[in-house]
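Residue numbers (the working numbering): 7 to 227.
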């Protein structure tokens, strides 16, 4: 028998083969103690270093292979109360329908595919103001078809204004076939823009035009 002097401690290593079954089981960490990514469900990004006069069209044109855009808000160059430039570049808050979209754009930048807008390399990170996933079937793109008296830019512009729909346009594509007009209207956002336009057109002109959501070019292929 091994004797240990009083007041000292001796640690003896015991092989696993000599331990009991219970001693050989390594308990896993409680889920609350495991490492957790705080942005796992975050859909919102904060983009900085954009050109001072950047437009939604210029920014959205550089976003591909990510996801459906839920909302976009551009913050222009800021000035202080004395008229001096506070920030020489613009910034943008961009949110996707799914956290997968935000994650994809972050990963693109990490994989040497930087977001370049107007010749400037922008910085992309998660927004501290977290965005929640949206499970709607819509998108920021509307396909409007039907009566040529309604499906034309001038008429729809006035119609949206009378409904107090504030919007920004990415692009519009017009075509006419066999007496029917068609507009693909790509809004800058689904939230408050494409969704409101869709609802008002459906309620007002359901018997004269058809409205459906189209594919967002910012989505993954």
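Just so you know, even glycine gets a beta-carbon here, dropped at the ideal spot from N, CA and C.
Please read all numbers here as calculations on a predicted model, not as lab measurements.
query, result
"Tell me residue 220's beta-bridge partners as DSSP assigns them.", "Note: residue 220 sits in no beta bridge, so no partner."
"Identify whether residue 186 lies in helix, strand or coil by the three-state DSSP scheme.", "strand"
"Please go through the same chain and pick out, in chain order, the residues whose beta-carbon is closer than 6 Å to the beta-carbon of residue 149, but skip the five residues on each side of it.", "190, 218 and 220"
"Counting pairs of Cβ atoms below 8 Å between the region 146-164 and the region 122-136, do you hit three or more?", "no"
"Threshold first: 3 residues or longer. Then list the beta strand (DSSP E) segments lying entirely within the region 68-127, N to C.", "75-81, 91-93 and 96-102"
"So residue 132 is in the alpha helix (DSSP H); what residue range does that whole segment cover?", "Run containing residue 132: none in the alpha helix (DSSP H); it sits in the beta strand (DSSP E), 129-132."
"Apart from the five residues on each side of it in sequence, which residues of its chain come closer than 7 Å, Cβ to Cβ, to residue 130?", "51, 53, 111, 112, 115 and 121"
"Give a yes or no on whether the C-beta atoms belonging to residue 49 and residue 108 are separated by under 7 Å.", "yes"
"Between residue 140 and residue 192, what straight-line distance do the alpha-carbon atoms span, to the nearest angstrom?", "19 Å"
"Considering only DSSP beta bridges, list what residue 50 is partnered with.", "101"
"Under the DSSP definition of a beta bridge, which residues are partnered with residue 181?", "188"
"Would you call the CB atoms of residue 146 and residue 181 closer than 7 Å?", "no"
"Counting along the chain, where does the alpha helix (DSSP H) carrying residue 152 start and finish?", "Not the alpha helix (DSSP H): residue 152 falls in the beta strand (DSSP E), residues 147-152."
"Whose C-alpha, out of 99, 63 and 105, is nearest the C-alpha of residue 44?", "105"
"Can you grab the Cα-Cα spacing for the pair residue 187 / residue 211, in whole Å?", "14 Å"
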